[in-house]
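See structure below.
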Amino acid sequence: MKTEVRVGSSTPIAALQNPSLLINSTTSQGSLTGALRGCLGSLDGACIEKLLLHCASALETNDVTLAQQVMWVLNNVASSVGDPNQRLTSWILRALISRSSRICPSISGSGGPSPTTSTFAAARRLMSVTELAGYVDLIPWHRFGYCASNSAIFKAIQGCSKVHILDFSITHCMQWPTLIDALAKRPEGPPDSLRVTVPSCRPLVPPLLNVSIEEVGLRLGNFSRFRDVPFEFSVIKNSSSFELLLSQLNPTCLNLEDDEALVINCQNWLRYLSDDEGSTSSARNTFLNMITCLSPRIIVVVDEDSDLSSPSLSSRITTCFNYLWIPFDSLETFLPKDSTQRTEYESDIGHKIENLIGFEGVQRIERLESGVTASQRMRNAGFLSSPFCEETVGEVKALLDEHASGWGMKREEDMLVLTWKGHNSVFATAWVPNPNGLMLED
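Take 2 as the starting number for the sequence shown in the numbering used here and just add one per residue.
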C-alpha cells in the first residue's frame, strides 16, 4: 500500500537537525554492512521500516557506530517535501535523533540546535477558532468521531428536558455546535437546559487554541442563544492536572442534578491517562470507575485505532510507520507538496511521533490502545456496549462522501471504524452502565 521511495530526491533532514551526524559520511557509507548497502538501491516502505528498526535496536544497545550508519542511510531517504513515506520517515528520523541526543551523547555531538526545538515550536503553534475549524475539516479524522458521537448522544437524550455533558476532549468543544443545532430542530423542541462541563486541564498537544476555554464557552453560549437553546457552560475548577481532575469527579463537585440526563464524551482523551502495566491500578481505570459511579445515560469513546502503548521502542516504531502513514497519505491526495496547511498539519503529527519515539517513562505522555483493547477495558469497568443505529451509520457515510474516495467506514462488533484505503484509522464506541455491576476481566 505504501508508495515506493527511492534515494536521490531528499532533503538532508538529519544534517539540518544535527550536522555532526554527517561528519565523515563517506567513511560511514564505506563501512555500511552488507544489509544496509543492499537497501541503497531501492528503498520501498518495507526496507525503510527495516532500517528504522535497525536504528532502534542500535540505540537500545548503545551501538553508536551502527546507529550512525543507519541514520546516514535514512538521512538520504527522508524528505519533508517528498512523498508520504519520505515525509513520515523525516519525522521519525527527527524523533530518533532527539532520542539519541539524550541516550547517546556521542551521536548528537555539539554545535547544532537542539533536535527538539523545531518540533516543540510546532507543537505550541496557536490557532484561531477559524483556523481550528479548518483543521478539523481538513480530513475526517476528528469529524468522524463528532458525527458518530453526536448521533448516538442525540438518540440517547430523546425526550430529556435537561441534559448535562461532561466533555473530555482535545479539540476545544468543536463538536458541540452541530449537536446544539440538532437539538434546536427536535420535533419536541430543544431541552429546557443544556449544560456543558469541561476540565481546566488539557494535554499540551495539538491543536492548541489562542483563546481561553472560558472564551470558547462564551462563543458556544452565543451560538446557543442564536439557536434558542438554553445553555450553560462551566469549567471544573482545581483540575489543573489529571490527578486533581480525578478528585473532582463526584456529583458534588460537578454540581450534578438528579433530573438531568448525564452524557460523558471522551474524544482522544483516555490515551493521555497513565496506564502503568506494572501496577494493580491506573489513572485510566480509576477514571472509568469514577464515571461509572456518576450513572451516566451514555458514554461515548472515540480514539485512534492503533496500539502505541508498547514499552518496546521497535514495536512503537513499526506501529508509527504503518499507522501514521495514513494521514500523510491522505493529505497527499488533495494538497500540494509545498502546501503550508499540509506542512503545519504534518508538524502536529510530528509532535506526536517525537513523544512516542523520543521519550520513555512519564515523559511519554501518550499510551494509545486499539479499539478492541479499549472496548474490553470499558466492559471490565462495568459498561455495556450500545450499538450504533442505522441512522447514525447513514450520517457518517454522508459525512465521508464530502471527503476523498479513500475514506470509508466499517463495523467491527459494535464499533464504527473510520478507514483509509481499508486500513483502520479511528474507532467510535458508545456505552451504557451495566446494571449488574462490574464484569470480570477475561
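The beta-carbon is built from N, C-alpha and C at its ideal position, and this holds for glycine as well.
Note down, in chain order, each residue of its chain lying with its Cβ closer than 6 Å to the Cβ of F169, except the 5 sequence neighbours on either side. Cβ neighbours of F169 beyond the five flanking positions: C267 and W270.
Could you say which of W177, S235, R272 and V373 lies nearest to P213 if we only look at CA atoms? Looking at the sequence itself, residue 213 is Ser, so the reference to Pro does not match. For the set W177, S235, R272 and V373, the Cα lying nearest the Cα of S213 is the one of S235.
According to DSSP, simplified to helix, strand and coil, what is S235? Of the three classes helix, strand and coil, the one that applies to S235 here is strand, per DSSP.
Looking at the structure shown, is Q176 part of a helix, part of a strand, or coil, going by DSSP? In the structure shown, Q176 adopts coil according to DSSP, grouped into three states.
If we count the other Cβ atoms within 10 Å of its Cβ and call it buried at 16 or more, is F335 buried or exposed? By the neighbour-count rule (16 or more Cβ atoms within 10 Å), F335 is not buried but exposed.
Neighbour-count burial assignment, L263, 16 or more Cβ in a 10 Å radius: Residue environment for L263: buried (at least 16 other C-beta atoms within 10 angstroms of its C-beta).
With three or more C-beta pairs closer than 8 Å as the rule, is the stretch 167-183 touching the stretch 207-225? Touching, per the Cβ criterion.
Compare the C-alpha of V427 against each of E403, G395, S152 and G409 and name the closest. Ranking the options by Cα distance to V427, first place goes to G409.
CB S80 to CB Q87, shorter than 7 Å? Contact flag set, yes.
Cα-Cα separation, D402 to E305: If I take the Cα positions, the gap works out to 21 Å.
Going by CA-CA distance only, name the one from T393, S387, E396 and V397 that's closest to D415. The candidate whose alpha carbon is nearest that of D415 is S387.
Below 7 Å between beta carbons: does that hold for P85 and E361? No, these two residues do not count as a Cβ contact at 7 Å.
With contact counted as at least three CB pairs below 8 Å, one residue from each stretch, are the stretch 312-321 and the stretch 353-368 in contact? Under the Cβ criterion (8 Å, minimum of three pairs), the stretch 312-321 counts as touching the stretch 353-368.
Does A382 pass the burial test, meaning 16 or more other C-beta atoms within 10 Å, or should it be called exposed? Buried is the call here.
Tell me whether D193 sits in a helix, a strand or coil according to DSSP, three-state version. D193 sits in coil when the DSSP states are folded into three classes, being neither helix nor strand.
From the DSSP output, which residues share a beta bridge with E215? Answer is none; E215 lacks a bridge partner.
I'd like to check one pair, F329 with L97: are the Cβ atoms closer than 7 Å? Remark: C-beta atoms of L97 and F329 do not approach each other more closely than 7 Å.
Give the single residue among N239, E367, V206 and A375 whose Cα lies nearest to the Cα of A429. Closest option to A429, Cα to Cα, is A375.
In the stretch 367-423, which residue ranges form an unbroken beta strand (DSSP E) of at least 3 residues, counting only runs that do not cross its ends? 384-386, 408-413 and 416-421, all fully within the stretch 367-423.
Note the first and the last residue of the continuous alpha helix (DSSP H) segment covering N251. Counting along the chain, N251 sits inside no alpha helix (DSSP H), nor does DSSP assign it H or E at all.
Under 8 Å by Cβ, that's how I've got L369 and L309 pegged, so tell me the actual separation to the nearest angstrom. Rounded, the Cβ-Cβ distance is 4 Å, consistent with contact.
Once the 5 residues before and after M128 are set aside, which same chain residues still bring their CB inside 7 Å of it? The beta carbon of M128 is closer than 7 Å to those of Y136, P208, L209, L210 and N211 in its chain, skipping five residues each way along the sequence.
Cβ atoms of L60 and L75: under 7 Å apart, would you say? Not closer than 7 Å, so no.
Where T198 falls, given that 16 or more other Cβ within 10 Å makes a residue buried: Under the 10 Å beta carbon count, T198 is surrounded by 16 or more other beta carbons and is classified as buried.
P297 burial status per 10 Å Cβ neighbour count (16 or more: buried): The residue in question, P297, is buried, as its Cβ has 16 or more Cβ neighbours within 10 Å.
Assigned exposure category for N77 - 16 Cβ within 10 Å defines buried: By the C-beta density criterion, N77 is buried, having at least 16 other C-beta atoms within 10 angstroms.
Taking the CB atoms as reference points, tell me whether P188 and V164 lie closer together than 7 Å. No, the Cβ-Cβ distance between P188 and V164 is not below 7 Å.
Work out the CA separation of D260 and T253 for me, nearest whole Å. Here the alpha carbons of D260 and T253 stand approximately 15 Å from one another.
Mark G112 as exposed unless 16 or more other C-beta atoms lie within 10 angstroms of its C-beta, in which case mark it buried. Low local confidence applies: a pLDDT of 34 at G112 is under 50, so the model's placement there is unreliable, with the coordinate-based value given in what follows. G112 counts as exposed, since fewer than 16 other beta carbons sit within 10 angstroms of its beta carbon.
By Cβ distance below 6 Å, which residues in the same chain neighbour I158 in space, the five residues on each side in sequence not counted? Cβ within range, chain order: V164 and A262.
Pull the bridge partners of P200 from the DSSP assignment, please. Answer by DSSP bridge pairing, in chain order: I237.
Buried/exposed call for T66, threshold 16 Cβ in 10 Å: Classified as exposed, T66 has fewer than 16 neighbouring CB atoms from the shown chains inside 10 Å of its CB.
Counterpart residues of P434 in DSSP-defined beta bridges: In DSSP, P434 forms a bridge with F384.
From the DSSP output, read off the bridge partner residues of F288. Beta-bridge pairing links F288 to no other residue.
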